[in-house]
Structure formats: structure tokens, C-alpha cells
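Asker: Under the numbering used here, the first residue of the sequence shown is numbered 49, with each subsequent residue one higher.
For each residue, glycine too, the CB sits at the ideal point set by N, CA and C.
Quick one: this structure, given as C-alpha cells, is what I'll be asking you about.
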Amino acid sequence: MKITWLGHSGFRIEIEDQILLIDPWLVGNPMFPEERRAEAIGGATHVLVTHGHFDHVADTIAIARELSIPAVGIFDLMSWWESREGIAVIGFNKGGTVRLGNVAVTMVNATHSSSVQGPDGPVYTGTESGFMIAGEGHVIYVSGDTDVMADMEIFNDLHAPDIGLLCAGGHFTMDMKRAAYAARTFFHFKTVIPCHYRTFPILEQSAEALKQNLPGVRVIEPEVLVPIEP
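Here is the structure:
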């Protein structure tokens, strides 16, 4: 298994027989070197989307078309893209599980918002979500954009994830201290990788507070396009 950060909340996850792109924002992402786009998306089998905000979906439609692969996410947004953009989709909803080859992906709750900008203001795109991705003897929790939730206790009871990809930049999502609280209160992670930080000055720039508040957990500050093998 390899987990590669694409900057902000984007990841490339090579697991079992799949290569999953999570919330890809490549063009215009100040953390991503656009000349390495082909490397980032090469061989991808699916694009998973947690919600509709631009910094999570910006490259999804282009990648889905270019590679002839489906976008995977909340039914409302997937149905809209299928009819409006003509891309292949796999739409499901919270509590549902889809099989992507040998990988099981379960959609779980998040607490945030979800929309795209339309000509007359925000357009509803279904609700925000996270994912549990199971394969190769691991379960990866992709938090999406969220705050701490009591739901997380249920997530752990049902899925027991050992790897957490946690939003932790603050302002729009939980910050490092809140992410650490969520991790130590509700989960038993062996590895935590923060995301949704460092992209803009308004977001947290260091994961030091996350490390300090998670003793005994391997907290990895990712570098863009440098694979991590949990």
C-alpha cells in the first residue's frame, strides 16, 4: 500500500488492485506542481469525492474524462454530474458500501457543508461525507472536511481504522488540537496523516500540536508526491 499526498486534501492511494484519487485539486493548487500532474493521476481507477467544494472537486471531471474512470461519491452530486457532464459515476450514500475491485469503500458522516458556485449563488451538491477504505489488512479513515463528532465512536466500533487521513487546518475544519482530540478519544490509530493544512496562510502550517497530543501514534507530516507506506 502507498499513500501519496497531492497537497491540501488530495491523496493518491494504491491499495489492493486499485489506485484511488481522493478529492483531487491539482490545477491552481498552490501546493501542487502542475508539471507532475500525469504522475499524480497515472493508472488511477476511481476518483473519490467527499463533498462539492472547489478545493475537493476541481479536477474530478477532467480526470474522469481523461482516464475514462468513474467518480465515486454522494448520490446527489454523482447523479448531477452524470446527467450534466456525461461522466461515469458510482453514487451511494452514508452507511452504504461499494466494492471497487478488491477494496471496500464505506461512506460515513461528516459535519461541514457542500456546494458549488452557480450563476445565482451556491448550488446544493448533497451532503458532506467521509470514507472508510478497507484493503490489504488495513482500514483507512478519510475524514473529509469535518469537525469532531460523537459519530466517530460508532465509526471506530464498526470499522476499527488503523490509519487516519484527518483534516486538521482549522478555520474551515477541525484544527490540530481538535483532530488530536478526535483521534485519541474515538479511535485507535497506528498512523495519522494530517491534511487540509499549509495550503493558505489562514490554515495551520505545522502538525506539531497534533504530534504532541497523540503520544504513541505515528503522526506523519506528508510531503507532496512523496509516497508513504504505512
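Please work out which residues of its chain come closer than 8 Å, Cβ to Cβ, to Val151, disregarding the five sequence neighbours upstream and downstream, and give them in chain order.
Answerer: Exclusion of the five residues before and after Val151 leaves Ile63, Glu64, Asp65, Gln66, Leu68, Ile181, Ala182 and Gly183 as the residues of its chain whose Cβ lies within less than 8 Å of its Cβ.
Asker: If we ignore side chains and look at the alpha-carbon of each, how far apart do Phe140 and His101 end up?
Answerer: Rounded to whole angstroms, the separation of the alpha carbons of His101 and Phe140 is 18 Å.
Asker: For the beta strand (DSSP E) that contains Thr93, what are its first and last residues?
Answerer: It is not in any beta strand (DSSP E) - Thr93 carries neither H nor E in the DSSP assignment.
Asker: Please name the residue in Asn261, Ala208 and Ala92 whose C-alpha comes closest to that of Ile117.
Answerer: Ala92
Asker: For Gln66, write down the residues that DSSP places opposite it in a beta bridge.
Answerer: Ile63
Asker: Can you tell me where the beta strand (DSSP E) with Trp53 in it begins and where it stops?
Answerer: Lys50 to Trp53
Asker: Just to confirm, is the Cβ distance from Asn204 to Ser177 under 8 Å?
Answerer: no
Asker: Using the beta-carbon count (16 or more within 10 Å), is Thr247 buried or exposed?
Answerer: buried
Asker: State the CB to CB distance for the pair Gly174 and Asp124, rounded to an integer number of angstroms; the pair is presumed to be in contact (CB under 8 Å).
Answerer: So it is a contact: roughly 3 Å between Cβ atoms.
Asker: Taking all protein chains shown into account, do 16 or more other C-beta atoms lie within 10 angstroms of the C-beta of Pro242, making it buried, or fewer, making it exposed?
Answerer: buried
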